[in-house]
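Protein chains in written order, with our numbering: chain A, 64 to 387; chain B, 135 to 632. Just so it is clear, CB atoms sit at the ideal spot from N, CA and C, and this is done for glycine as well. Being a predicted model, the structure only gives us computed values, none of them experimental.
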């Protein structure tokens, strides 16, 4: 497959995954308005913007101490609109869909008619939707419906596209994005673990990571903050945990380039993917190591992204000349 | 005269039967032509609202499939769908066969002409065509001299623009460089088949769906003989090109890579594409970018779309480019006037498709005739295309004609003139009514070892009432073109329905 097209598929998938995360966080946040104090709601917006690394209108969440106050002033409608439909915000849901679609358009020959149709139709309908159409009815429902469109896209992809290189790069993009965003979400909940006074509802975190039901099946609906945290990091069978993503990434790289992971010397990308997996499978699960683990996941996944680029997308031509 | 049949049909109530123009569906007295009779009966009984719904469904499906072009505005970019008319233009099979023979003859002769002018140039030396029209042409590529092209097919993909008048079909323009529009033909056909399946089946329409397979066969047959399983790519200028949809569509249909200039590189006069598993050699390039832009080393050095060194690899025979560079000289408007003579010179045959009488203003009598009849003629600039630099005499104002005459006198070499043609009209859905609109037809011809013509083509429509301009940039749309075989007498269409 063309290196440029692999790049397009990888980003098509990353943007879509980021959109999925954004939609879920918005859905959770919009829902939390009904049964939380205004201080909790404001803290929720702060976590949302910090996790997605988006600058909210009128403030910088990464550097401002006054942030929670400013969220108290801004109303949920403005913030939700900014994160959903603001074309000038590259992190808004509609912008992310737009970029995913633009990448899909440039990889049109590698994806199926159904995949393109699903992506394009949903984008066109999002583009023509405005927040006030549904804000006073069931805003949470709108976010659920849009999430469902992403699930539909994935279903169409898994069942219509050949499980070859294109499919592998799409999957790689999805789990690379998932591990990075989920790490940020977890890191933004981390301080609350040590906060004795907090009345934070930890089910929100589970819902933000689409893991409420898997958690309840594994434990009970009784939510214990530390169990929630370790579940989302180390649990091997729920698709939104860090460990699950690390396994997928490592397996995916193995399919894309079998020799790269089997022969000596190992490719850098395969080495990093192995380290990432080892950290999440065999690494410390002690409370005092949590911050370090999340920082290491962040460092390794960034490094992995760079190595994937160096190996498959922007390699120097003179190293790749074949005999024929 | 308003015929009885038409008054009975609400959708046709506003249909203007003007015998100045050939009507694709009705004959001179307003009754449907035999090969359209069944179609007319069905449409007549269909409420106009149903037709409008079909039209809307087709338009929506085009939007969803991304068959759009982009309009770049100040505030935002808008994607639009090319207007589609759901009523097909119907052409009789035997008429088409004659046209197809004519197209084949024409392309054969033009390929021989291109071979000749890039080698010995007999036709120029024999005085059949003036040297300056050939060697002075801005599309003549000196770099192509002596290059051998597989099967002599300089043009392997051709999209000829045909029009019809009361005198039959005529060639308006040969598009020999990078003709586009074939994906619209296929998408239109697909949409129409879905929206009127029974009528389509009953109508015995000849297939066009095999176009992509034929194109792939054509490209394969151009590959260097020592390559058994050639690697073929389609070279596109990229996602911002208005025909990008078509490029992606064809690449997908043929299962070949859609590449941009930046995906390719030339090393040691071989062309490679950058894949995730390293570099892979390319054997055939179906290019959809203009000559000027394919290789910044050989042609325009400011091109960012092309591949440096590509032309050297081509000259060395390591890669095939289709269409070959330098074919534009043969579809030039002044050379057009010589095509009947070109056919005669190489094939010893008369032109099967009648030429449009063309006057060259570079000749003194031609200029005088053109100036004297400016209000009746269409005058075109030689190097231009797409409806630019053109005067339609009968539609122009006195001042426009005066200004044009001055430009003409200043540089007569640059102009040709033709009579204003009464383009044929076909029924189109306009709001809730069916009205006649002017149409043309662009069939696609493939040439390698043999010639392949898909029965049909892109039918373009001037949707604006009275307009003769079918270009999409100027209010044109498209419709499906059906080549139908009329059943023998005694065999009813209902039997064909099975």
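### Task
Quick one: grab the DSSP three-state call for residue 289/B.
The count along the second chain starts at 1 and reaches residue 289/B at position 155. In this structure, residue 289/B counts as coil in the three-state DSSP scheme.
### Message
Taking beta-carbon pairs under 7 Å, can you tell me which members of the segment 64-80 of chain A lie near chain B?
### Response
64, 65, 66, 67, 69
### Task
In angstroms with no decimal places, state the Cα-to-Cα distance between residue 182/A and residue 176/A.
For the purposes of this step, residue 182/A is identified with residue 119 of the first chain, where counting begins at 1. For the purposes of this step, residue 176/A is identified with residue 113 of the first chain, where counting begins at 1. About 10 Å.
### Task
Could you check if residue 289/A is buried or exposed, using at least 16 other CB atoms within 10 Å of its CB as the buried criterion?
Within the first chain, numbered from 1, the residue matching residue 289/A stands at position 226. Answer is exposed; the Cβ neighbour count stays below 16.
### Task
Output, in chain order, the set of chain B residues within a Cβ distance shorter than 9 Å of residue 160/A.
In the first chain, the residue the question calls residue 160/A occupies position 97. Within 9 Å Cβ-Cβ: nothing; residue 160/A doesn't reach chain B, min ~14 Å.
### Task
Name, please, each residue of chain B whose Cβ falls closer than 7 Å to the Cβ of residue 184/A.
To locate residue 184/A, count along the first chain from 1; it is residue 121. Chain B residues near residue 184/A: 198.
### Query
Out of curiosity, what's the CA-to-CA distance linking residue 305/B and residue 206/A?
What you label residue 305/B is simply residue 171 of the second chain in a count that begins at 1. What you label residue 206/A is simply residue 143 of the first chain in a count that begins at 1. Spanning the two alpha carbons is a distance of roughly 56 Å.
### Task
Determine the DSSP secondary structure at residue 400/B, reduced to helix, strand or coil.
One-based indexing of the second chain puts residue 400/B at position 266. In the structure shown, residue 400/B sits in a strand (DSSP, three-state: E or B).
### Query
Closer than 8 Å, CB to CB, is residue 223/A near chain B or not?
For the purposes of this step, residue 223/A is taken as the residue at position 160 of the first chain. So no, residue 223/A is outside the interface.
### Task
Could you name the residues of the same chain whose beta carbon sits closer than 8 Å to that of residue 278/B, not counting the 5 residues immediately before and after it, in chain order?
Numbered from 1 along the second chain, position 144 holds the residue referred to as residue 278/B. For residue 278/B, where only same-chain residues beyond five positions count, the Cβ hits under 8 Å are 252, 458, 459, 460.
### Message
8 Å is my cut-off, CB to CB: does residue 373/B come that close to chain A?
### Response
Position 239 of the second chain, counted from the first residue, corresponds to residue 373/B. Yes, residue 373/B lies at the interface with chain A (some Cβ there is under 8 Å from its Cβ).
### Message
For residue 83/A and residue 242/A, which I take to be in contact (beta-carbon distance under 8 Å), what is that distance rounded to the nearest angstrom?
### Response
For this step, residue 83/A is matched to residue 20 along the first chain. For this step, residue 242/A is matched to residue 179 along the first chain. The Cβ separation is near 14 Å, so there is no contact.
### Task
Give the straight-line distance between the Cα atoms of residue 143/B and residue 562/B, rounded to the nearest whole angstrom.
Here residue 143/B refers to the residue found at position 9 when the second chain is read from its first residue. Here residue 562/B refers to the residue found at position 428 when the second chain is read from its first residue. Distance between the alpha carbons of residue 143/B and residue 562/B: 15 Å.
### Message
Counting beta carbon pairs with one atom in the segment 570-583 of chain B and one in the segment 287-294 of chain B, are three or more of them shorter than 8 Å?
### Response
yes
### Message
For a test of the three-state rule: what should DSSP assign to residue 274/B, helix, strand or coil?
### Response
Counting from 1 along the second chain, the entry for residue 274/B is found at position 140. Coil.
### Message
Ignoring anything shorter than 3 residues, give me the beta strand (DSSP E) runs that lie fully in the segment 368-400 of chain B, in order along the chain.
### Response
391-393
#### Entry: Beta carbon proximity, residue 228/A to chain B, threshold 8 Å
Here residue 228/A is taken as the residue at index 165 of the first chain, counted from 1. Yes, residue 228/A lies at the interface with chain B (some Cβ there is under 8 Å from its Cβ).
### Query
Sorted by chain position, which residues of the same chain lie with C-beta nearer than 6 Å to residue 170/B's C-beta, five sequence neighbours on each side aside?
Sequence index remark: in the second chain, residue 170/B carries index 36 (1-based). Correct list, in chain order: 159, 224.
### Task
Return helix, strand or coil for residue 483/B, following the three-state DSSP convention.
Here residue 483/B refers to the residue found at position 349 when the second chain is read from its first residue. Residue state, collapsed to three classes: coil.
### Task
Say yes only if the C-beta of residue 354/A is nearer than 7 Å to one or more non-hydrogen atoms of the ligand ATP, and no if none qualify.
The ligand ATP is absent from the structure shown, which contains no ligands of any kind.
### Partner residues on chain B for residue 169/A, Cβ-Cβ distance less than 7 Å
As a working note, residue 169/A is residue 106 in the first chain. Within 7 Å Cβ-Cβ: 373.
#### Entry: Range covered by the beta strand (DSSP E) that runs through residue 596/B
Reading the second chain from its first residue, position 462 is the one you call residue 596/B. Counting along the chain, the beta strand (DSSP E) containing residue 596/B begins and ends at 592-596.
### Query
Going along the chain, which residues of its own chain have a beta-carbon closer than 7 Å to the beta-carbon of residue 217/B, five neighbours each way excluded?
Against the second chain, residue 217/B aligns to sequence position 83. Only 597, 611 meet the Cβ criterion.
### Message
With distance defined between alpha-carbon atoms, name the residue in 150/A, 226/A, 256/A nearest to residue 189/A.
### Response
Here residue 189/A refers to the residue found at position 126 of the first chain. Measuring from the Cα of residue 189/A, the nearest candidate turns out to be 150/A.
### Query
Can you find a C-beta in chain B that's less than 8 Å from the C-beta of residue 308/A?
Taking the first residue of the first chain as 1, we reach residue 308/A at position 245. Residue 308/A does not count as touching chain B.
### Task
Flag residue 316/B as yes if its beta-carbon sits less than 8 Å from any beta-carbon of chain A, otherwise no.
Residue numbering aside, residue 316/B sits at position 182 when the second chain is read from its first letter. No, no contact with chain A.
### Query
For the segment 355-377 of chain A, which residues have a CB atom closer than 8 Å to at least one CB atom of chain B, in sequence order?
375, 376
### Task
Specify the secondary structure class of residue 339/B as computed by DSSP and reduced to three states.
Sequence index remark: in the second chain, residue 339/B carries index 205 (1-based). Note: residue 339/B maps to strand in three-state DSSP.
### Task
Compile a chain-ordered list of the residues in the segment 380-393 of chain B whose CB is closer than 7 Å to at least one CB of chain A.
382, 385, 386, 391, 392, 393
### Query
Where does residue 406/B fall in DSSP's three states?
Here residue 406/B is taken as the residue at index 272 of the second chain, counted from 1. Looking at residue 406/B - three-state DSSP - the assignment turns out to be strand.
### Query
By how many angstroms is the C-alpha of residue 201/B removed from the C-alpha of residue 375/B?
Counting from 1 along the second chain, the entry for residue 375/B is found at position 241. Counting from 1 along the second chain, the entry for residue 201/B is found at position 67. In a straight line, the C-alpha of residue 375/B is about 13 Å away from that of residue 201/B.
### Message
So within the segment 64-95 of chain A, which uninterrupted alpha helix (DSSP H) runs reach at least 4 residues, ignoring any that extend past its ends?
### Response
66-95
### Message
Please tell me whether residue 172/A has its Cβ less than 8 Å away from any Cβ of chain B.
### Response
Residue numbering aside, residue 172/A sits at position 109 when the first chain is read from its first letter. True, the Cβ-Cβ gap to chain B drops below 8 Å.
### Task
Compare the beta carbon distance of residue 281/B and residue 245/B with 8 Å and say whether it is the shorter of the two.
Along the second chain, read from residue 1 onward, the residue named residue 281/B stands at position 147. Along the second chain, read from residue 1 onward, the residue named residue 245/B stands at position 111. Their beta carbons are not under 8 Å apart, which means residue 281/B does not touch residue 245/B by this criterion.
### Task
Answer yes or no: does any C-beta atom of chain A fall closer than 8 Å to that of residue 408/B?
As a working mapping, residue 408/B is identified with position 274 in the second chain. Chain A, which has a Cβ nearer than 8 Å to the Cβ of residue 408/B, makes this yes.
### Task
Please determine, among 266/B, 572/B, 476/B, 379/B, the residue with the shortest C-alpha to C-alpha distance to residue 156/B.
Residue 156/B sits at position 22 when you count from the first residue of the second chain. Among 266/B, 572/B, 476/B, 379/B, the Cα nearest to that of residue 156/B is on 572/B.
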